[in-house]
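Participant: Input: one structure, supplied below.
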Amino acid sequence: DDSAIAAAAVQAEAEFDDFCRRNCPGVRKLRAKLKWRNYAFEKALPHGTGYLPFLKVTCDSAGQMPPLSLSGKSFSHAFGLNTPLLEKLMLSRRIAGPSWVRLQPNSWREDPARLSFCAVELRITPASVFVAKKDEDRKRLGEMGMPTTSPPLRVLSVFMQTFQKSAQEPHEPVAITCTLHPSVSPEAADSDRDLKLGMDTWAALRRFDSRPLPRDSERALQQNRVEQHGSEV
Numbered sequence: 575d576d577s578a579i580a581a582a583a584v585q586a587e588a589e590f591d592d593f594c595r596r597n598c599p600g601v602r603k604l605r606a607k608l609k610w611r612n613y614a615f616e617k618a619l620p621h622g623t624g625y626l627p628f629l630k631v632t633c634d635s636a637g638q639m640p641p642l643s644l645s646g647k648s649f650s651h652a653f654g655l656n657t658p659l660l661e662k663l664m665l666s667r668r669i670a671g672p673s674w675v676r677l678q679p680n681s682w683r684e685d686p687a688r689l690s691f692c693a694v695e696l697r698i699t700p701a702s703v704f705v706a707k708k709d710e711d712r713k714r715l716g717e718m719g720m721p722t723t724s725p726p727l728r729v730l731s732v733f734m735q736t737f738q739k740s741a742q743e744p745h746e747p748v749a750i751t752c753t754l755h756p757s758v759s760p761e762a763a764d765s766d767r768d769l770k771l772g773m774d775t776w777a778a779l780r781r782f783d784s785r786p787l788p789r790d791s792e793r794a795l796q797q798n799r800v801e802q803h804g805s806e807v
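Count along the sequence shown starting at 1, add 574, and that's the number in this note's numbering.
Shown next as structure tokens:
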């Protein structure tokens with residue numbers, strides 16, 4: 575019965591609002607809407623699996639988040655409470671891998687509060703991101719001059735070996751290796767030769783306290799382009 579389901583959604587929203595008001599007043603609800611979703615996960619629900627009604631509640635990410643074990647009389651489970659915004663953006667816009675995305679004109683802004691170390695940082699909303707989903711979309715974007723192939727990847731692989739003096743002390747870096755692949759095509763099966771083209775490696779090793787390294791180790795490290803340091807700083 576659609577009317578009964580709609581009434582249950584209203585009741586669940588009211589209970590959610592009351593719970594947040596009493597237990598987590600920092601939660602800022604933006605909107606709530608009844609949605610139908612296919613459910614086929616391992617966690618059992620009272621209504622079973624299949625095409626089920628859900629109450630989608632959108633909250634401000636800058637505010638407090640409800641507890642992960644949130645439940646009530648009118649709803650039994652809460653999903654996606656710990657889902658990062660980046661994951662939500664990639665799922666909602668179907669960004670399945672390296673691809674070009676188009677930002678709607680004048681939909682971004684600069685913010686003095688930096689969140690990363692990037693040279694340029696712009697703030698956007700999920701609604702400002704457009705990703706081609708159909709052939710018609712790709713054709714229209716192609717007419718606008720957007721690239722038709724996926725952008726190349728710059729892949730950095732990092733391996734670090736640590737040492738722990740005792741169970742009560744933290745892990746200390748001992749050796750680290752970084753390998754940079756400057757251009758990896760996500761659409762082609764590159765050979766080993768293509769992957770090694772332009773590849774660069776940096777490695778460093780540190781001593782344990784004041785213990786000396788083995789004899790002739792400096793020459794061997796130089797031959798293999800491994801830097802030597804007295805500490806991890």
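Positions of the beta carbon are idealized from the N, C-alpha and C atoms, including for glycine.
Keep in mind the model is a prediction, meaning the values are calculated, not measured.
Got a sec? Which residues, its chain only, sit under 8 Å from ILE579 by beta carbon, not counting five neighbours each side?
Facilitator: Numbered from 1 along the sequence shown, position 5 holds the residue referred to as residue 579. Around ILE579: LEU608, PRO627.
Participant: Do you know how far the Cα of THR751 is from the Cα of GLN796?
Facilitator: The residue given as residue 796 occupies position 222 in the sequence shown. The residue given as residue 751 occupies position 177 in the sequence shown. Each residue's alpha carbon lies about 15 Å from the other.
Participant: For ALA701, count neighbouring Cβ atoms within 10 angstroms of its own Cβ and tell me buried if that reaches 16, exposed if not.
Facilitator: Residue 701 sits at position 127 when you count from the first residue of the sequence shown. ALA701 counts as exposed, since fewer than 16 other C-beta atoms from the protein chains shown sit within 10 angstroms of its C-beta.
Participant: For THR722, collect the residues of the same chain with a Cβ closer than 8 Å to its Cβ; drop the 5 residues on either side in sequence, then sort them by chain order.
Facilitator: Indexing the sequence shown from 1 puts residue 722 at position 148. Excluding sequence neighbours, THR722 sits near ARG712, GLY716.
Participant: Would you call the segment 784-791 and the segment 735-755 touching, i.e. three or more CB-CB distances under 8 Å?
Facilitator: no
Participant: For PHE590, report the span of its alpha helix (DSSP H) as first-last.
Facilitator: Start at 1 with the first residue of the sequence shown, and residue 590 comes out as number 16. In this chain, the alpha helix (DSSP H) harbouring PHE590 covers 576-597.
Participant: Straight-line CA distance for VAL729 to TYR625?
Facilitator: Along the sequence shown, one-based indexing puts residue 729 at 155. Along the sequence shown, one-based indexing puts residue 625 at 51. C-alpha separation (whole angstroms): 40 Å.
Participant: Starting from ARG697, follow its DSSP beta bridges and name the residues at the other end.
Facilitator: As a first step, residue 697 must be located in the sequence shown, where it is residue number 123. Paired residues: ARG683.
Participant: If you draw a straight line from the C-alpha of VAL703 to the C-alpha of LYS617, how long is it?
Facilitator: As a position in the sequence shown, residue 703 is number 129, starting the count at 1. As a position in the sequence shown, residue 617 is number 43, starting the count at 1. Whole-angstrom Cα-Cα distance: 32 Å.
Participant: Which full runs of the alpha helix (DSSP H) of 4+ residues lie inside the segment 636-668, going along the chain?
Facilitator: 659-666
Participant: Between LEU644 and LEU659, is the Cβ-Cβ spacing less than 8 Å?
Facilitator: Residue mapping note: residue 644 aligns to position 70 of the sequence shown, counting from 1. Residue mapping note: residue 659 aligns to position 85 of the sequence shown, counting from 1. No; because the gap between Cβ atoms is not below 8 Å, this pair is not in contact.
Participant: Classify ALA706: buried if its beta carbon has 16 or more other beta carbons within 10 angstroms, exposed otherwise.
Facilitator: To locate residue 706, count along the sequence shown from 1; it is residue 132. It counts as buried.
Participant: Taking 8 Å as the threshold, find out whether the segment 733-741 comes into contact with the segment 678-692 through three or more Cβ pairs.
Facilitator: no
Participant: For ARG799, count the other beta carbons within 10 Å of its own beta carbon; 16 or more makes it buried, fewer makes it exposed. Which is it?
Facilitator: Walking along the sequence shown from the start, residue 799 turns up at place 225. Per the 10 Å Cβ criterion, exposed.
Participant: Determine, using beta carbons only, whether PHE653 and ALA586 come nearer to each other than 8 Å.
Facilitator: Locating residue 653 in the sequence shown gives position 79, counting from the first residue. Locating residue 586 in the sequence shown gives position 12, counting from the first residue. Result no, Cβ atoms of PHE653 and ALA586 do not sit closer than 8 Å.
Participant: Identify, in the order they occur along the chain, each residue of the same chain with its Cβ nearer than 7 Å to the Cβ of ARG611, setting aside the five sequence neighbours on each side.
Facilitator: The residue you call residue 611 lines up with position 37 of the sequence shown. If we look at ARG611 and ignore the five residues flanking it on each side, its Cβ neighbours are LEU626, PHE628.
Participant: Which residue marks the beginning of the alpha helix (DSSP H) containing SER791, and which one marks its end?
Facilitator: Here residue 791 is taken as the residue at index 217 of the sequence shown, counted from 1. From DSSP, the alpha helix (DSSP H) with SER791 extends over 791-797.
Participant: Count the other CB atoms, across all protein chains shown, that sit within 10 Å of the CB of ARG780; report buried if there are 16 or more and exposed otherwise.
Facilitator: By one-based count along the sequence shown, residue 780 stands at place 206. By the 10 Å Cβ count, ARG780 comes out buried.
Participant: Can you list, in chain order, the residues of its chain with a C-beta nearer than 8 Å to that of LEU604? Leave out the 5 residues immediately preceding and following it.
Facilitator: Start at 1 with the first residue of the sequence shown, and residue 604 comes out as number 30. Around LEU604: THR632, CYS633, ASP634.
Participant: For ALA749, which residues from the same chain have a beta carbon less than 6 Å from its beta carbon, with the 5 sequence-adjacent residues on both sides left out?
Facilitator: Along the sequence shown, one-based indexing puts residue 749 at 175. Answer for ALA749: GLN735, LEU779, listed in chain order.
Participant: Quick test of your reading: ILE698 and LEU727, contact by CB under 8 Å. State the CB separation rounded to the nearest angstrom.
Facilitator: As a first step, residue 698 is located in the sequence shown; it is residue number 124 there, counting from the start. As a first step, residue 727 is located in the sequence shown; it is residue number 153 there, counting from the start. Contact between ILE698 and LEU727 does not hold, since the beta-carbon distance rounds to 22 Å and is not under 8 Å.
Participant: Look up GLU801 in the DSSP assignment and give the residues it is bridged to.
Facilitator: Working through the sequence shown from its first residue, we reach residue 801 at position 227. Bridge partners of GLU801: ALA778.
Participant: Using a Cβ-Cβ cut-off of 6 Å (strictly less than) and excluding sequence neighbours within five positions of PHE733, which residues of its own chain qualify?
Facilitator: For the purposes of this step, residue 733 is taken as the residue at position 159 of the sequence shown. Cβ neighbours of PHE733 beyond the five flanking positions: THR751.
Participant: Do the CB positions of LEU663 and ARG683 come within less than 8 Å of each other?
Facilitator: Start at 1 with the first residue of the sequence shown, and residue 663 comes out as number 89. Start at 1 with the first residue of the sequence shown, and residue 683 comes out as number 109. No, the pair does not count as a contact, with Cβ atoms beyond the cut-off.
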